[in-house]
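Residue numbers (my numbering), protein chains in the order written: chain C, 6 to 195; chain L, 6 to 195.
Report on one structure; see the data block that follows.
Number of protein chains: 2
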Amino acid sequence: MSTEVTRRDEIINTATKLFKQKGYSAVTMRDLAKAMGIKAASLYNHIDSKQDILKAIIISIAEEFTQGMDLIKKSEQTTIEKLNLIVELHVNITSNNACGMASLNNDWMHLEDQLEHYLELRKNYEQDFIDIIKTGISSNEIIKTNPEVIMFSILSTLRSLYLWIPKKEEVVIKDLTQNLSDVLINGINK
Amino acid sequence: MSTEVTRRDEIINTATKLFKQKGYSAVTMRDLAKAMGIKAASLYNHIDSKQDILKAIIISIAEEFTQGMDLIKKSEQTTIEKLNLIVELHVNITSNNACGMASLNNDWMHLEDQLEHYLELRKNYEQDFIDIIKTGISSNEIIKTNPEVIMFSILSTLRSLYLWIPKKEEVVIKDLTQNLSDVLINGINK
DNA sequence: CAACCAGACTAACAACTGTTAGTTTGAATT
DNA sequence: AATTCAAACTAACAGTTGTTAGTCTGGTTG
């Protein structure tokens with residue numbers, strides 16, 4: 006079934022938590038093995054390499070973002086509504102995999118074969134984001150400010166969610182999307 | 006004189022750049038030596054240890070923030086004005102030492118002796134920040150939203166400046182403070 | 001000119017790194 | 001009861017890690 010959790014998945018989940026705490030480079034295969042309660046060599050019955058783990062963590066999330074953005078891009082919504090959907094996309098992905106987001110943000114540069122692929126996905130995501138903002142400025146929905154500043158500001162906050170969401174209870178996360186959209190879009194000035 | 010650049014400073018500056026690119030753990034003393042055009046062992050004529058370098062990078066910046074916040078806290082200004090000053094503080098420190106900010110953000114957990122000290126400084130900084138926001142809500146200057154969400158949102162953007170500022174020209178940075186304050190405080194909704 | 005010394009060097013260390021090869025185990029299947 | 005096999009193990013590897021000890025060099029100072 007699709008809900009089956011393999012030993013490989015357990016290893017990747019454990020690695021994800023360790024990578025969040027210390028970063029990819031500072032986590033050794035022996036650290037990971039100890040956290041799993043086995044010896045380092047045993048890990049290799051389930052994974053190809055340390056790099057294999059990083060790839061599994063990062064690429065799947067990056068593709069999730071691409072997929073989400075594609076839907077938003079194509080949807081017939083106002084710019085403000087699209088921005089709300091982007092906030093929601095980040096909150097959802099991050100609350101499902103906060104530790105994975107840490108690797109995505111901090112360890113992408115340690116990707117080897119897949120580095121180029123990752124950079125391509127990120128570049129396209131940011132381009133789509135900027136296009137949405139530019140459309141919003143043209144249609145007079147958004148203040149006429151440098152679109153890069155706007156994207157940078159919103160995206161920085163959304164990319165940092167992984168640091169913050171684990172400290173919140175389940176219920177609060179439901180409110181978070183609305184709360185964040187408010188602050189990011191309408192500002193805090195009264 | 007105070008403007009003298011010692012060999013130690015050169016090493017720390019070079020290390021700072023490398024740490025930004027790959028993170029503290031992934032940079033070896035041999036990498037650093039090669040970037041300096043010398044052998045690894047020669048580094049130890051100028052520094053005590055690898056950890057010594059990290060300490061020098063992070064603690065000085067963290068204390069700069071503490072100092073800046075102390076001034077803002079004590080100043081007799083409106084909340085909005087204080088928030089503008091915080092934005093300015095981050096832009097100034099980051100544009101002077103963008104690479105150091107990368108270590109501050111990403112490698113603080115690799116501090117050993119100084120970890121506790123760093124965490125104390127950060128805790129106090131965030132407490133001061135939250136207090137300013139709470140005062141602004143009480144005095145009706147700021148919308149009544151969760152102060153943590155507001156701080157988190159602003160601080161995430163300011164902490165990510167190091168990724169962004171190096172891509173901008175000198176002149177643009179002067180505008181950046183105003184631009185960012187606008188977006189963060191007044192929002193983007195028209 | 002002799003003495004000094006900052007700052008480079010070579011050589012080496014013990015510990016740690018990711019990974020491989022080959023072996024054992026114990027539960028499920030025939 | 002015999003076979004199979006996933007998944008653990010031990011042992012070892014070649015290379016890398018931060019760091020130390022001791023040495024050489026070339027310019028400055030007495």
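The beta-carbon is built from N, C-alpha and C at its ideal position, and this holds for glycine as well.
Go to residue i, then tell me how far its alpha helix (DSSP H) extends in each direction, as first and last residue.
i: C/N101; result: T84 to N101
i: L/E117; result: Segment: none, L/E117 is in no alpha helix (DSSP H) and carries neither H nor E.
i: L/D5; result: A question about residue 5 of chain L goes unanswered here, because the residues of chain L that appear run from 6 up to 195.
i: C/K25; result: R12 to K27
i: L/L37; result: M34 to M41
i: C/I170; result: Where C/I170 is concerned, there is no enclosing alpha helix (DSSP H), given that its DSSP letter is neither H nor E.
i: C/L163; result: P152 to R164
i: L/A46; result: A45 to L48
In the DSSP output, which residue or residues are listed as bridge partners for residue i?
i: C/N194; result: L/I147
Do residue i and residue j have their C-beta atoms within less than 7 Å of each other?
i: C/L90; j: C/I77; result: yes
i: C/T71; j: C/T140; result: no
i: L/I5; j: C/I155; result: Nothing can be reported for residue 5 of chain L, as the shown portion of chain L is limited to 6 through 195.
i: C/Y29; j: C/D112; result: yes
i: L/S165; j: C/S161; result: yes
i: C/T182; j: C/E93; result: yes
i: L/S100; j: L/I170; result: yes
If I measure Cβ to Cβ from residue i and keep anything under 8 Å in the same chain, skipping five residues before and after, which residues do I get?
i: L/L23; result: V32, D36, L37 and A40
i: L/T11; result: H51
i: C/N151; result: none
Leaving out five residues on either side along the sequence, give the residues of the same chain with a beta carbon under 6 Å from the beta carbon of residue i.
i: L/L189; result: I159
i: L/M74; result: Y130 and D133
i: L/K149; result: I142
i: C/K25; result: C104 and A107
i: C/N110; result: R164
i: C/E68; result: none
i: L/K87; result: I77 and I137
If I measure Cβ to Cβ from residue i and keep anything under 7 Å in the same chain, skipping five residues before and after, which residues do I get?
i: L/L116; result: L59, K60, I63 and Y123
i: C/T21; result: I62, C104, G105 and S108
i: C/Q119; result: K60 and I64
i: L/Y49; result: none
i: C/M6; result: With a pLDDT of 44 at C/M6, under the threshold of 50, the modelled position of that residue is not reliable, and no figure is offered here.
i: C/A45; result: M34, R35 and A38
*Name, going along the chain, the residues of the segment 119-151 of chain C whose beta-carbon falls closer than 7 Å to a beta-carbon of chain L.*
Answer set for the segment 119-151 of chain C: N145, E146, I147, I148, T150 and N151.
*Residues in the segment 16-31 of chain L with C-beta within 9 Å of chain C's C-beta atoms, listed in sequence order?*
Listed by position along the chain: Q26, K27, G28, Y29, S30 and A31.
*asked:* Give me the subset of the segment 179-194 of chain C whose CB atoms are less than 8 Å from a CB atom of chain L, sorted by chain position.
replied: For the segment 179-194 of chain C, which is checked against every Cβ of chain L, the residues closer than 8 Å are L181, N184, L185, D187, V188, L189, I190, N191, G192, I193 and N194.
*asked:* Give me the subset of the segment 68-101 of chain L whose CB atoms are less than 9 Å from a CB atom of chain C, sorted by chain position.
replied: Cβ proximity to chain C below 9 Å picks out I85 and L88 from the segment 68-101 of chain L.
*What residues from the segment 151-166 of chain L come within 9 Å of chain C, judged by C-beta to C-beta, listed N to C?*
If you check each beta-carbon in the segment 151-166 of chain L against every beta-carbon of chain C, the ones closer than 9 Å belong to N151, E153, V154, I155, F157, S158, I159, L160, S161, T162, L163, R164, S165 and L166.
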